[in-house]
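Counting from 274, one number per residue, gives the positions in the sequence shown under this note's numbering.
Even for Gly, the Cβ is constructed at its ideal location relative to N, Cα and C.
Bear in mind the structure is a predicted one, so any value in this text is a computation, not a measurement.
Notes to accompany the following structure.
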Amino acid sequence: MIISLSNAQGPPSPGFSPSSRANSVNFDQAYRNLWGPQHQRVDQGSLTIWLDKSSGSGFKSLRSYQSGYFGAAMKLHPGYTAGVITSFYVRNRNINKIELYKNFV
Numbered sequence: 274m275i276i277s278l279s280n281a282q283g284p285p286s287p288g289f290s291p292s293s294r295a296n297s298v299n300f301d302q303a304y305r306n307l308w309g310p311q312h313q314r315v316d317q318g319s320l321t322i323w324l325d326k327s328s329g330s331g332f333k334s335l336r337s338y339q340s341g342y343f344g345a346a347m348k349l350h351p352g353y354t355a356g357v358i359t360s361f362y363v364r365n366r367n368i369n370k371i372e373l374y375k376n377f378v
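What follows is the structure, given as structure tokens:
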């Protein structure tokens, strides 16, 4: 996970990689499990979560942020996966959320 505290004035220039300006932080230092710990693995500071027939997993940051950079690599299990919705979302304390999700059909 990469955390960046920034005072950005607009979108980055073409070719600029936001992660080049952000400091890395290990998952255990900045986040905690919310549910599904049996579906999480932390290895060398990076988190892997997975979904099976029973459930998935969730986590939460230990601090609040006004802005920042996040990245996620998501892949779907090979084979028949109709009805599976894989999502990554960001939510504020008021339960309003910005949801970024990818459907695999």
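- Item | Secondary structure of D301, DSSP reduced to three states | Locating residue 301 in the sequence shown gives position 28, counting from the first residue. DSSP places D301 in helix when its eight states are reduced to three.
- Task: Would you kindly work out how many angstroms separate the C-alpha atoms of Q339 and S327, rounded to a whole number?
- Result: One-based indexing of the sequence shown puts residue 339 at position 66. One-based indexing of the sequence shown puts residue 327 at position 54. One alpha carbon belongs to Q339, the other to S327, and they sit about 34 angstroms apart.
- Task: Check the DSSP bridge columns for K348 and list the partner residues they point to.
- Result: In the sequence shown, the residue the question calls residue 348 occupies position 75. DSSP, once it has assigned bridges, lists no residue as partnering K348.
- Cβ of S330 within 7 angstroms of Cβ of H350? Counted from its first residue, the sequence shown places residue 330 at position 57. Counted from its first residue, the sequence shown places residue 350 at position 77. H350 sits away from S330, with the two beta carbons spaced by 7 angstroms or more.
- Between the CA atoms of N299 and Q317 - distance to the nearest angstrom: Stepping through the sequence shown from its first residue, residue 317 is reached at position 44. Stepping through the sequence shown from its first residue, residue 299 is reached at position 26. Taking the CA atoms as reference points, Q317 sits about 8 angstroms from N299.
- Query: What whole-angstrom Cβ distance do L335 and Y304 have, given they're in contact under 8 angstroms?
  - Reply: Against the sequence shown, residue 335 aligns to sequence position 62. Against the sequence shown, residue 304 aligns to sequence position 31. About 6 angstroms separates the two Cβ atoms, so the contact holds.
- Query: Looking at the structure shown, is Q311 part of a helix, part of a strand, or coil, going by DSSP?
  - Reply: Residue mapping note: residue 311 aligns to position 38 of the sequence shown, counting from 1. DSSP places Q311 in helix when its eight states are reduced to three.
- Message: Using CA atoms only, rank isn't needed, just tell me which of A346, K348, Y353, I322 is closest to W308.
- Response: For the purposes of this step, residue 308 is taken as the residue at position 35 of the sequence shown. Comparing alpha-carbon positions, the option among A346, K348, Y353, I322 lying closest to W308 turns out to be I322.
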